[in-house]
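In our numbering, the protein residues as written are 274 to 500. For reference, the structure discussed in these notes is given below.
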Amino acid sequence: MNGPVTLDRREGPYGEVVLRRRDAEDRTDFEIIANGTFLMDTSDGRSERLLVDAAMEALPEPARTGAAVLIGGLGVGFSLAHAAADPRWGRIAVAEREEAIIDWHRQGPLASISGRALADERTVILHTDLVEYLETSTDTYDALCLDIDNGPDWTVTEDNESLYGARGLASCAARLNPGGALAVWSAQPSGVFEESLRNAGFSGVRTEEIPVARGVPDVVHLGIRPA
């Protein structure tokens, strides 16, 4: 694997965001860096796909057909592409605050991952801050699939910390239909966040793991808004 090549670097209202490419003999990977912190890359999308599948499987059977999902944020596009490949999702909204990331998908190299999903009539991209959207919107969904940080204990910006506390989880519950599922991606398990979910009134709280080559597993934290 060769060293990374910077394809784009932008300063925005939330700081710096960078798209890099890594070339090897048999593959090319892209990675997103925000304010100097590695967010994600295209080397392994298993946990991003689990985020979407776990939310769907947590829904009661009658709610799975035509279910509406909010994905936050767009990232490298694995979650969006996986959701669009499942005909059971009836509406797919993606909240992404970084204009650069949206551009990389619509007109840049990440279109190879998300192009078909972006063209799907079920898909809508919301250029908005996820935390603000959850607090102010009146839209409701059957599932929320949130992946805007490296986890509840490792946020990209300080503003995101409120999402994982009582106020943010109350906003998540307000955006969910009764019986709806909240799924939160994390680079490591968080017992504190599990307890926060329970304290916020979510039921069926559990954590699903994806083993990684080194270190602690990626996880998806799950909770259900009571019907």
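The beta carbon of each residue, even a glycine, is placed where N, CA and C say it ideally should be.
Residue pairing by DSSP puts TRP362 in a beta bridge opposite ALA340. Under the Cβ criterion (8 Å, minimum of three pairs), the stretch 407 to 420 counts as touching the stretch 448 to 455. If only complete runs of 4 or more residues are kept, the stretch 426 to 472 shows the alpha helix (DSSP H) at 439 to 448, 464 to 472, in order along the chain. Under a 10 Å Cβ-count criterion, THR411 is classified as exposed, with fewer than 16 other Cβ atoms of the shown protein chains found around its own Cβ. Apart from sequence neighbours up to five positions away, the residues of its chain that approach LEU312 with a beta-carbon distance below 6 Å are ILE305, ordered along the chain.
Residue pairing for ILE306: DSSP places it in a beta bridge opposite VAL291, PHE311. Cα atoms of THR480 and GLY363: separation of roughly 26 Å, rounded to the nearest angstrom.
Sorting ALA341, GLU369, ALA443 by C-alpha distance to the C-alpha of THR401 places GLU369 at the top. Bounds of the beta strand (DSSP E) holding SER476 are 476 to 483. By the criterion of a C-beta distance shorter than 7 Å, GLU372 is surrounded in its chain by GLY285, HIS400, once the five residues flanking it on both sides are discounted. Apart from sequence neighbours up to five positions away, the residues of its chain that approach TYR406 with a beta-carbon distance below 7 Å are ALA368, LEU399, ordered along the chain.
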